[in-house]
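J.: Can you read through this structure? Questions will come right after.
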Amino acid sequence: MVPKVVFGEGCFDQLTTILSSHKKDKAPFIYLIDDVFETNTEFIDKINLRFNDKLIFVSAAEEPKTSQVDELVKDIRSEFTNLPSGIIGIGGGTLLDLAKAVSIMLTNKGSAADYQGWDLVKKKAVYHVGIPTISGTGAEVSRTTVLTGPVRKLGINSDFTPFDQVILDPELTQGVPKNQWFYTGMDCFIHCVESLNGTFLNAFSQSYGEKAYDLCMEIFLKEDSLSDAESRAKLMMASWHGGMSIAYSQVGVAHAMSYGLGYVLGTKHGIGNCIVFNQLEEYYGEDVVLFKKMVEKHGIEIPQGVCANLTDEQMEIMINVAMGMVPLWENAFGEEWQSIVTPEKLKELYLKM
Ligand code: NAD
Ligand code: ZN
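Residue numbering for the sequence shown follows UniProt numbering, beginning at 1 and increasing consecutively.
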């Protein structure tokens, strides 16, 4: 779990104070920042760069790759003789995952791809801080960093992955475009639905999942009485609780199939989950009905026909990637999942998307 967290409008201003006790001699703080902030001087000016601290702006246009992590680590190692005092990730799930992975790979040998899986990391990561600027993925609180590698898209799941410190400042989510707000917010809603309806459910996951689910209902269906600031603050906490819920359970059908879309078509996590979830009434009945109401209420466009022009080979890869997510299917349907989830069934569902 994340051992330290601050929350509240404007709490980003505490960053300098928080970092000061972690500064090591001649060792920089490296900031990995979503490049959407590159021209936002008011925000960037709040970051107090000292000595050899460094800002690296990274595009979130594509989800993080193991090769990208390796490249960043190589650059940091060649520029600085000392290991950094800390890595600070500022952005959405993409930047938060990159920051976690870079901090791990600075102290562990080889390529990030070698550590995709469960508990393969041997050494403690460099001190790392997560500062979300969009809410929903739960990446700020989770024990994983999802990376696309040469052979698979899979997380580095380890006790060294979670951030040492998280700064939850809802003010930072102000500029998020509406569609993106919805897609990433729905990632949280879907985490809750999949956790609460899964066979892995337990009291720990349920307590967090129910809270996050209720917050999502309030934000996306009954939000009319909420101010913008209240809504952003609540979504930030929904994301946190949704992440905590899956920490002790698993996600399910939407995530498994969304991984397939992501792998073959490069569809991003949030929108991919929405495209899939839209077609899952058979499995998540009432919650898919609610999802459709949310889509309508906010006038969101969910892409259609994304699999219409796939080649047979692409479809086969997509199905294999999805079927490979065994724990997700086990959570959704239990040990006998293979009697329900067949390549034919997945093809039928993909063709509806
Ligand atoms: P993202 O980080 O990909 O960002 C989405 C878009 O929003 C980008 O264009 C970004 O520039 C923009 N953006 C972010 N903050 C903004 C702001 N304040 N103002 C304006 N624009 C802003 O989106 P995401 O949905 O948060 O993250 C998706 C990634 O998270 C995927 O790579 C996925 O694999 C990963 N993920 C990780 C976990 C985990 O537990 N580690 C869980 C779920 C998803
Ligand atoms: Zn997700």
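Just so you know, even glycine gets a beta-carbon here, dropped at the ideal spot from N, CA and C.
Keep in mind it's a predicted model, so treat the numbers as computed, not measured.
For Arg-232, count the other beta carbons within 10 Å of its own beta carbon; 16 or more makes it buried, fewer makes it exposed. Which is it?
T.: buried
J.: Please look up how many angstroms separate the CB atoms of His-255 and Asn-273, rounded, as I've assumed it's under 8 Å.
T.: Yes, His-255 and Asn-273 are in contact; Cβ-Cβ is about 7 Å, under 8 Å.
J.: Can you have a look at Val-276 and say buried or exposed, based on whether 16 or more other CB atoms are within 10 angstroms of its CB?
T.: buried
J.: Taking only the alpha-carbon atoms, compute the straight-line gap between Ala-125 and Glu-335 and give it to the nearest angstrom.
T.: 35 Å
J.: Taking C-alpha atoms, which residue in Cys-188, Pro-177, Gln-165 and Phe-333 lies nearest to Ile-300?
T.: Pro-177
J.: Sort Phe-80, Lys-26, Gly-149 and Leu-55 by Cα distance to Ala-101 and report the nearest one.
T.: Gly-149
J.: What whole-angstrom Cβ distance do Leu-172 and Ile-131 have, given they're in contact under 8 Å?
T.: Distance from Leu-172 to Ile-131 at the Cβ level is roughly 7 Å; contact confirmed, criterion being Cβ atoms closer than 8 Å.
J.: What's the call for Asn-40, buried or exposed, on a 16-neighbour Cβ count within 10 Å?
T.: exposed
J.: Using the Cα positions of Tyr-284 and Arg-143, report the straight-line distance between them to the nearest angstrom.
T.: 26 Å
J.: Using the three-state DSSP reduction, which class does Ile-340 fall into: helix, strand or coil?
T.: coil
J.: Measure the Cβ-Cβ separation of Gly-86 and Thr-133 and say whether it is below 7 Å.
T.: No.
J.: For Met-244 versus Tyr-208, is the C-beta spacing smaller than 7 Å?
T.: yes
J.: Using CA coordinates, which residue listed in Gln-304, Gly-266 and Leu-349 is at the minimum distance from Ala-60?
T.: Gly-266
J.: So does Val-36 have its beta carbon nearer than 6 Å to some heavy atom of the ligand NAD?
T.: yes
J.: Along the chain, which unbroken stretches of the beta strand (DSSP E) at least 3 residues long are found entirely within the stretch 16-104?
T.: 29-34, 54-58 and 86-91
J.: Would you kindly check if the distance between the Cβ of Gly-136 and the Cβ of Cys-192 is under 7 Å?
T.: no
J.: Would the beta-carbon of Gln-180 be found less than 6 Å away from any heavy atom of the ligand NAD?
T.: yes
J.: Just tell me which of Asn-82, Thr-66 and Asp-164 has its CA closest to the CA of Pro-28.
T.: Asn-82
J.: Counting only runs of 4+ residues fully inside the stretch 245-298, write out the alpha helix (DSSP H) ranges in chain order.
T.: 253-265, 269-277 and 281-297
J.: Helix or strand or just coil, what does DSSP make of Thr-184?
T.: Looking at Thr-184 - three-state DSSP - the assignment turns out to be helix.
J.: Restricting to Cα atoms, I'd like to know which of Phe-182, Val-251, Ile-56 and Phe-291 is closest to Leu-195.
T.: Before going further, note that residue 195 is Ser rather than Leu in the sequence given. Of the listed residues, the one whose Cα sits closest to Ser-195 is Val-251.
J.: Let's test the definition: count the other Cβ atoms within 10 Å of the Cβ of Gly-242 and tell me whether it reaches 16, buried, or not, exposed.
T.: buried
J.: Spell out the partners DSSP gives Phe-7 in its beta bridges.
T.: Beta-bridge annotation (DSSP): Phe-7 is paired with Leu-168.
J.: For Lys-153, report the span of its beta strand (DSSP E) as first-last.
T.: Per DSSP, Lys-153 is one residue of the beta strand (DSSP E) stretching across 153-157.
J.: Do you know offhand how far Gly-110's Cα is from Asp-164's?
T.: 23 Å
J.: Taking 7 Å as the threshold (C-beta atoms), are Glu-38 and Phe-51 in contact?
T.: no
J.: Measuring alpha carbon to alpha carbon, tell me which residue in Gly-185, Ile-30 and Met-323 is nearest Met-237.
T.: Gly-185
J.: State the DSSP-derived secondary structure class of residue 354, mapped to helix, strand or coil.
T.: No information on residue 354 is available, as it lies outside the stretch 1 to 353 that the chain covers here.
J.: Can you find a heavy atom of the ligand NAD that lies under 6 Å from the Cβ of His-269?
T.: yes
J.: Quick one: is the Cβ of Asp-187 within less than 6 Å of any heavy atom of the ligand ZN?
T.: Because some heavy atom of the ligand ZN lies under 6 Å away, the Cβ of Asp-187 counts as near it: yes.
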